[in-house]
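Report on the structure given below.
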Amino acid sequence: MQFTDQQKQLIFLHYIHPVPYNRYKRLLLENPLLEDFSAYSAIYLQQILGINEDKAYQLQGQYREVAQLPLVELLQKTGIIPIPYGHPDYPKELTELCDPPAVLYVKGNRILLGKSLKVGIIGSRKATSYTKKALNFIVPPLVAEEIPIVSGLAAGADTMAHQAAMEYGGDTIAVLGHGFSHMYPKKNEKIAQEIADNHLLLTEYPPYILPAKWTFPMRNRIISGLSNAIVVTESVERSGTMSTVEHALDHGKEIFAVPGAIDCPLSAGPNKLLDEGAKPLWSGFQIIDSLK
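Written out as structure tokens, the structure is:
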């Protein structure tokens, strides 16, 4: 991949200060090409990036170290491709977010990012066999239309969605809430490798970033941003699944919910969404008819 000098500088900066693109707004307005960044004083960095004094001094030293490294080449040697904001491979859908990722780190088939239609499927980490049964009706029509399935590779419904896409011969995109050096959950290392080899793994975090409570809600906006529609299988009423739905509503995306038994706690989320106007879903053909 080819990068402009500005894109390379953005990769360097993001690697040591991994925040969304909008957090660099003041800096980019003043210095769009990110030229001579290493010459900035710690006091100036503190002001223009909105960080504390200790962080500014740390950032100053780290940038000078990283700028001396062949960072892009080192990432590529481990199979990681950085895609900075503004690069032709950067998904147009994500530029429409108020806080788009400054850099995406991907492993696998990045052509999937250019697919015109993508469907997000999400749900509870404690999803039951009901989710798996529902996916048998939802996923095959989407696969037949070559629509990739987007999810977050969490335990439960996310994993089931990725597996269903692959089992039916389709493509899937897994959006991680951490860097590639720290797979979470550990039990998903094998499926993550399969996705990296044949589909697409994606994260906005450099490889060294550990999973944390705040990284997964941030991850959810990317799932929503990439997807033309969001499907909720099983979920309690208040959950990370619902945070993704909130992002999707903000982004104007269509919400589909799988109806569930009224005595099942994991049906509370989708049933409430149906009451609030989401579309009831029992077949993938409904999604196709809605999107085309």
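Those letters in the sequence shown? Residues 0 to 291, per numbering that gives the first Met the number 0, in order. Where a beta carbon is used, it is the ideal one built from N, C-alpha and C, also for glycine.
Pair within 8 Å by beta-carbon distance, residue i and residue j
i: G239; j: P216; result: yes
i: L111; j: P100; result: no
i: Y207; j: S226; result: no
i: M165; j: E193; result: yes
i: A156; j: E233; result: yes
i: E236; j: G268; result: yes
i: L272; j: V231; result: yes
i: M169; j: P210; result: Rather than Met, the amino acid found at residue 169 in this sequence is Gly. Against a cut-off of 8 Å, the Cβ pair of P210 and G169 comes out as no contact.
i: G119; j: S223; result: yes
i: I229; j: V244; result: yes
i: A195; j: M182; result: no
i: L280; j: I79; result: no
i: V142; j: I172; result: no
i: I287; j: E144; result: yes
i: I254; j: A277; result: yes
i: R63; j: I47; result: no
Residue interval of the beta strand (DSSP E) (run including residue i)
i: K91; result: Here K91 belongs to no beta strand (DSSP E); instead the alpha helix (DSSP H) covers K91 to T94.
i: Y104; result: V102 to G107
i: I82; result: I80 to P83
Bridge-paired residues (DSSP) for residue i
i: G168; result: Paired residue(s): none; G168 is not in a bridge.
i: S150; result: A173
i: A228; result: V118 and E253
i: L73; result: According to DSSP, which records beta bridges pairwise, L73 is partnered with nothing at all.
i: L200; result: K106 and A173
i: K278; result: F255
Where the alpha helix (DSSP H) containing residue i begins and where it ends
i: K189; result: E188 to N197
i: E236; result: Neither: E236 is in no alpha helix (DSSP H) and is coded neither H nor E.
i: T130; result: S128 to A143
i: Q67; result: Here Q67 belongs to no alpha helix (DSSP H), and DSSP marks it neither H nor E.
i: A41; result: A41 to L48
i: Y14; result: D4 to I15
i: Q1; result: Counting along the chain, Q1 falls outside any alpha helix (DSSP H), and DSSP gives it neither H nor E.
i: R124; result: Looking at the DSSP string, R124 is not in any alpha helix (DSSP H), and its letter there is neither H nor E.
i: F284; result: G283 to L290
i: K24; result: K24 to E29
8 Å CB neighbourhood of residue i in its chain, flanking five on each side removed
i: I10; result: F2, L70, V71, P81, P83 and V102
i: P139; result: Y167 and G283
i: Q45; result: N51, E52, K54 and A55
i: K189; result: none
i: L293; result: Because the chain here runs from 0 to 291, residue 293 falls outside it and cannot be looked at.
i: L32; result: D4, Q5 and Q8
i: L27; result: L33
i: E203; result: P17, P19, P100, A101, V102, L103, Y104, M217, R218 and I221
i: T214; result: G176, H177, Y204 and I208
i: Q285; result: F255 and K278
i: Q67; result: none
Beta-carbon proximity list for residue i, same chain, < 7 Å, skipping 5 on both sides
i: V65; result: F11, Y14 and I15
i: P19; result: D98, P99, P100 and A101
i: L246; result: For the record, residue 246 in the displayed sequence is His; it is not Leu. For H246, where only same-chain residues beyond five positions count, the Cβ hits under 7 Å are N219, R220 and S223.
i: S123; result: G155, A156, E233, S234, V235, S238, T240 and L265
i: Q61; result: I15
Whole-Å CB distance - residue i paired with residue j, under 8 Å assumed
i: Q6; j: G85; result: 6 Å
i: L134; j: A163; result: 4 Å
i: V174; j: R218; result: 6 Å
i: L200; j: G49; result: Contact doesn't hold; Cβ gap of about 31 Å is too wide.
i: L290; j: L116; result: 6 Å
i: L152; j: N187; result: 6 Å
Close-in-space but distant-in-sequence residues of the same chain around residue i (CB under 6 Å, 5 per side omitted)
i: A41; result: A55, Y56 and Q59
i: N21; result: D98
i: S242; result: P216 and N219
i: P184; result: A154
i: Y89; result: I82
Cβ of residue i within 8 Å of any chain B Cβ
i: A126; result: Given the protein chain composition of this structure (a single chain), no chain B is represented.
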